[in-house]
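Count along the sequence shown starting at 1, add 48, and that's the number in this note's numbering. Note that the Cβ used here is the ideal one computed from N, Cα and C, for glycine as well.
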Amino acid sequence: MRTAQKDQLEIELEIFESQKEKLGLAAERSNLIDTHAHLQWPAFDKDREEVIERAFATGLSAIVNVGYDLNASRQAVQIANNHKNIYVVVGIHPHNAKTMTASVLDSLRELAQNTKVVAIGEIGLDYHRDLSPRARQKEAFEQQILLAKELDLPIVVHDREAHNDVLEVIRSFGKDVNGVLHCFSGDLDMAKKVIELDYSISIAGPVTFPNARILHQLVQHVPDESIVLETDCPFLTPQSRRGERNEPMYVLETAKRVAELKGMQLDELDKLTSQNSKRMFQID
Ligand SMILES: [Zn+2]
Ligand SMILES: [Zn+2]
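Below, the structure written as structure tokens:
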């Protein structure tokens, strides 16, 4: 390693050490998995490699990097090809559903042949921003669930203010397909319904917000084997750094809050969520 690079990493690790107390992290290395990151986002263009290095240096054992359009899915595969413990999810986000064509679907199918691809996503419905017409969103969602079924892969679902329709779509596929509802924003009743269909519930940074009472109650009631953790970086930064760019190593703050809510030790939660993630994405 060149001296300049080494110095940079050492500086970053020092910064992390000094923040560790603030984050309230256990002294021992963790084994956490960030099940939903967007490392290909332009916010990481200047320091992507440092962000990745820092995540693994601080104890993450894997990162699942998620596509949102065809180009981002391609970039995610490229990043994963260069990093042993980074996995990929390829798919078209509901915002970009209007870009879905037969040839885009074929390209996703081709990309999914890469051994690092562990799911199809993120796919779903977003009625908050409505950036693609709702009918196109639904069509792209269903086409990609069919693709996942064909390839025997789980799905990563994005649901914003579209709970009933998301539930209806995934229900129509029964237990043929399963996966995860990322950054889960439904209530406990919806959580129970999707868990029954073999879906996991992914908890992101907002659980660290003091006023997120519904989410806090949800975490306390969701079965242990159905919870996984994520950052959704560069978005949804946990409380202690709210307003700043999020990155995979901050999944630790989310883990700490979830452990607290569930009355578990951090290392216990760490082990549990890591096992859940590995089982869902079939990562060893
Ligand atoms: Zn999303
Ligand atoms: Zn996302």
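Contact annotation, residue 120 with residue 188: C-beta distance approximately 15 Å; criterion of less than 8 Å not satisfied. Distances from the CA of residue 274 to each of 288, 236 and 261 were compared; the closest alpha carbon is that of 236. Residue 306 and residue 289 have their C-alpha atoms some 17 Å from each other.
By the neighbour-count criterion, in which a residue is buried when 16 or more other Cβ atoms sit within 10 angstroms of its Cβ, residue 192 is buried. Pairwise C-beta distances place the stretch 125–138 in contact with the stretch 152–165, as three or more of them are shorter than 8 Å. Residue 228 has 204 and 248 as its beta-bridge partners, per DSSP. The C-alpha of residue 311 is placed about 30 Å away from the C-alpha of residue 114. Put simply, the residues with a CB less than 7 Å from any heavy atom of ligand 1 are 141, 170, 206, 230, 231 and 280, in chain order.
Residue pairing by DSSP leaves residue 116 without any beta bridge partner. Looking at the backbone, the Cα of residue 141 and that of residue 315 are separated by about 33 Å.
Less than 8 Å separates the beta-carbon of residue 282 from that of residue 293. Distances from the alpha-carbon of residue 122 to those of 329, 81, 168 and 103 put 168 closest. Between the stretch 236–254 and the stretch 204–215, the count of C-beta pairs closer than 8 Å reaches three or more; the two stretches touch. Sorting 201, 231, 197 and 87 by C-alpha distance to the C-alpha of residue 220 places 197 at the top.
Between residue 108 and residue 96 a beta carbon distance of about 15 Å is seen, past the 8 Å cut, so the two are scored as non-contacting. Residue 213 and residue 233 have their C-alpha atoms roughly 14 Å apart. Within the same chain, and ignoring the five residues on either side of residue 303 in sequence, the residues whose Cβ sits closer than 8 Å to its Cβ are 78, 80, 277, 314, 317, 318 and 321.
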